[in-house]
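Residue numbers (this note's numbering): 28 to 620. Ideal placement from N, C-alpha and C gives every residue a C-beta, glycine not left out. All of these numbers come straight from a predicted model, not from anything done at the bench. In what follows, a structure is listed as structure tokens, so that the remarks can point back to it.
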Ligand SMILES: Cc1cc2nc3c(=O)[nH]c(=O)nc-3n(C[C@H](O)[C@H](O)[C@H](O)COP(=O)(O)OP(=O)(O)OC[C@H]3O[C@@H](n4cnc5c(N)ncnc54)[C@H](O)[C@@H]3O)c2cc1C
Ligand code: SF4
């Protein structure tokens with residue numbers, strides 16, 4: 028399917044030179060990336076001078092469209108809108124984090140701690156110690172949330188799983204009428220799967236997949252179904268030659284190193300910097316990295332956007348404040364990030380639904396460890412440099428599901444997990460009793476009732492309030508699914524220590540959910556932000572009033588937990604939002620048909 032380049036050096040493949048070879052490979056990956064972005068002037072990011080010294084024009088705004096963030100929602104929307112922009116129009120992307128180069132991701136514990144935006148162990152866990160760090164762990168009393176900051180958002184460190192939720196998820200009350208039937212999203216799911224290069228690994232490709240299959244077979248009487256997961260990873264035809272993907276970027280085949288969660292140093296992970304972001308760039312998007320939006324103000328017919336550019340002087344970030352203006356502002360800063368920005372920005376001119384912050388969900392996530400299982404698992408990642416003939420596999424490769432359970436909320440998925448090399452060391456340190464070759468890591472994605480609330484704390488930062496979530500019957504149910512799998516493979520389930528007694532999630536959803544009315548949500552089904560004045564007024568067109576030109580496209584709009592990993596749903600909704608926005612008659616001067 029992918030054309031293989033012919034003018035590149037063929038690497039020797041003899042195993043006795045493997046270690047040496049892989050060191051070469053890592054620098055080769057950096058070269059691949061540099062070569063790929065050469066066409067864009069050496070990086071996907073635009074020189075900051077273009078932003079800080081914008082040339083004044085007759086227009087009251089600088090950007091016609093400005094995206095905040097560059098995760099799935101923002102990148103997809105940017106790519107689709109940029110490709111339809113009429114000549115002379117400007118689309119910008121402001122991303123808080125750095126542009127990351129495969130080959131340069133840290134792969135030991137010290138490097139990861141250095142990449143943490145907030146202190147992990149100190150009492151002032153909320154303060155920002157490294158504003159340009161890759162990992163954003165927001166630790167709260169009730170819920171802790173992990174995401175990533177960088178060009179490509181959390182796609183840089185996620186587990187690549189891209190699955191559609193059960194159809195019945197969408198028939199729940201909380202979804203807006205236009206999305207109550209999954210048929211309306213299916214064409215967008217297809218489009219995303221194609222752009223992200225979704226594929227499945229062969230049956231029993233790795234030991235942890237095989238262990239998962241054995242578990243499912245032993246649970247057949249409970250209705251368990253085993254399936255290789257759809258993942259966004261590049262595989263090759265059994266050699267390490269670079270592959271030119273459909274977006275003109277060089278990638279390399281996956282080496283099964285297991286380090287997806289700390290960033291792929293091989294260039295095999297189809298993170299957004301390999302697909303939608305180059306698509307947006309090629310169509311003329313201006314991408315400003317290290318640029319954090321602090322708040323926006325509504326003006327007559329446009330928005331003033333306040334930002335901080337994190338300039339680096341001698342390796343230290345130095346903040347430079349600035350403002351710009353945009354006719355359309357699209358929030359794509361992630362569930363917590365977008366909600367935090369909206370809460371910070373609301374005032375008399377920007378009145379919002381009282382639902383801002385409500386309906387937060389952690390997607391029923393439970394991360395568990397099953398110790399001393401019978402079958403071999405080989406769950407420990409080995410990194411890009413050393414292989415020693417091991418094969419861990421991408422972080423998640425398979426799912427056990429229960430699609431025939433009568434209650435949709437009981438239809439959860441239980442997936443195998445690989446531990447990135449750097450975390451194996453960390454887990455051993457915190458006493459998790461690791462016999463890594465006989466430990467099965469499992470992640471459950473399920474349902475949790477979406478009853479969390481994102482609020483602004485006294486320091487102005489977001490935190491999540493959800494008392495008693497740990498004792499919620501749904502959380503207990505989801506945890507029992509791990510016990511079920513443990514019973515099927517003869518191991519002992521143990522809670523993940525750092526989150527014991529608390530809930531941790533890598534799948535934050537909600538906070539600015541879509542709904543039919545401003546009494547029930549923050550945006551309509553098109554992602555347009557409701558005007559909250561008077562509790563939500565109906566305009567002359569019979570529709571609830573909106574703030575013209577203000578959109579949300581990321582995980583914040585998803586109104587329920589999904590029962591599966593969320594990236595594909597967030598992406599499909601973003602594809603639909605961009606499609607509808609570009610066809611709005613009032614934006615006919617911006618977008619070509
Ligand atoms: C370890 C891990 C594994 C995961 N595995 C999977 C998986 O296998 N499958 C799956 O479906 N999901 C997975 N997820 C979750 C998935 O990646 C997220 O649901 C998804 O990336 C969310 O997309 P988003 O568009 O909402 O925002 P994000 O991808 O979180 O992107 C938000 C971006 O906005 C930027 N930003 C935030 N605030 C500002 C600001 N003020 N100004 C400018 N920029 C800002 C951030 O820096 C970030 O880059 C995983 C997550 C983690 C952490
Ligand atoms: S397993 Fe390794 S090579 Fe494969 S996608 Fe994950 S990090 Fe990249």
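In this model, residue 102 and residue 248 are separated by some 43 Å (Cα to Cα). The beta carbon of residue 166 sits closer than 6 Å to those of 152, all from its chain and outside the five residues before and after it, given in chain order. Inter-residue distance for residue 64 and residue 505 is about 43 Å (C-alpha atoms, whole angstroms). At a Cβ-Cβ threshold of 8 Å, residue 507 and residue 388 do not count as neighbours.
Not one heavy atom of ligand 2 lies closer than 7 Å to the C-beta of residue 228.
Scanning the region 94-141 from its first residue to its last, the whole alpha helix (DSSP H) runs of 4-plus residues come out as 99-109 and 136-141. With respect to residue 358, residue 580 sits close: the two C-beta atoms are nearer than 8 Å. In its own chain, leaving out the 5 sequence neighbours on each side, no residue places its CB closer than 6 Å to the CB of residue 229. In the three-state scheme derived from DSSP, where H, G and I count as helix and E and B as strand, residue 191 is classed as coil. Residue 310 and residue 262 have their C-alpha atoms some 27 Å from each other.
For residue 319, the shortest separation between its Cβ and any heavy atom of ligand 1 lies below 7 Å.
Excluding the 5 residues flanking it on each side, residue 619 has same chain C-beta neighbours closer than 6 Å at 111 and 113, in chain order.
Inter-residue distance for residue 438 and residue 528 is about 24 Å (C-alpha atoms, whole angstroms). Assigned with DSSP and collapsed to three states, residue 308 falls in helix. Between ligand 2 and the CB of residue 269, the shortest heavy atom gap is not smaller than 7 Å. Contact residues of ligand 2 (beta-carbon closer than 5 Å to any heavy atom; chain order) are 260, 281, 282, 284, 286, 287, 291, 293, 295, 296 and 421. Of the candidates 291, 471 and 483, the residue whose Cα lies closest to the Cα of residue 129 is 291.
Between residue 509 and residue 395 a beta carbon distance of about 4 Å is seen, short of the 8 Å cut, so the two are scored as contacting. Residue 485 counts as exposed, since fewer than 16 other beta carbons sit within 10 angstroms of its beta carbon.
Cβ atoms of residue 162 and residue 190 stay farther apart than 8 Å, at about 24 Å.
With a minimum length of 3 residues, the unbroken runs of beta strand (DSSP E) contained wholly in the region 149-204 fall at 162-165 and 170-175. Ranked by how close their Cα comes to the Cα of residue 327, the residues 575, 611, 602 and 607 have 575 in first place.
When secondary structure is reduced to three states using DSSP, residue 368 falls in the helix class. In the structure shown, residue 234 adopts helical secondary structure according to DSSP, grouped into three states. An exposed status is given to residue 560, since fewer than 16 other beta-carbon atoms sit within 10 Å of its beta-carbon.
Counting only runs that start and end inside the region 319-358, the beta strand (DSSP E) elements of at least 3 residues fall at 329-340 and 343-358. Contact annotation: residue 411 and residue 284 have beta-carbon atoms nearer than 8 Å. With fewer than 16 other Cβ atoms from the protein chains shown falling within 10 Å of its own Cβ, residue 345 counts as exposed. Excluding its 5 nearest sequence neighbours in each direction, residue 122 has C-beta neighbours in its own chain below 6 Å: 97, 178 and 316, listed in chain order. Straight through space, the alpha carbons of residue 288 and residue 427 are spaced by roughly 21 Å.
In this structure, residue 408 keeps its C-beta atom at 8 Å or more from the C-beta atom of residue 231. Short note on residue 177: C-beta closer than 7 Å to some heavy atom of ligand 1.
Along the region 386-449, the beta strand (DSSP E) occurs as fully enclosed runs of 3 or more residues at 393-398, 425-428 and 440-444, listed in sequence order. Annotation: the continuous beta strand (DSSP E) that includes residue 255 extends over 252-255.
Bounds of any alpha helix (DSSP H) do not take in residue 575; it lies within the beta strand (DSSP E) bounded by 573-579.
C-alpha of residue 343 to C-alpha of residue 137: approximately 18 Å in a straight line.
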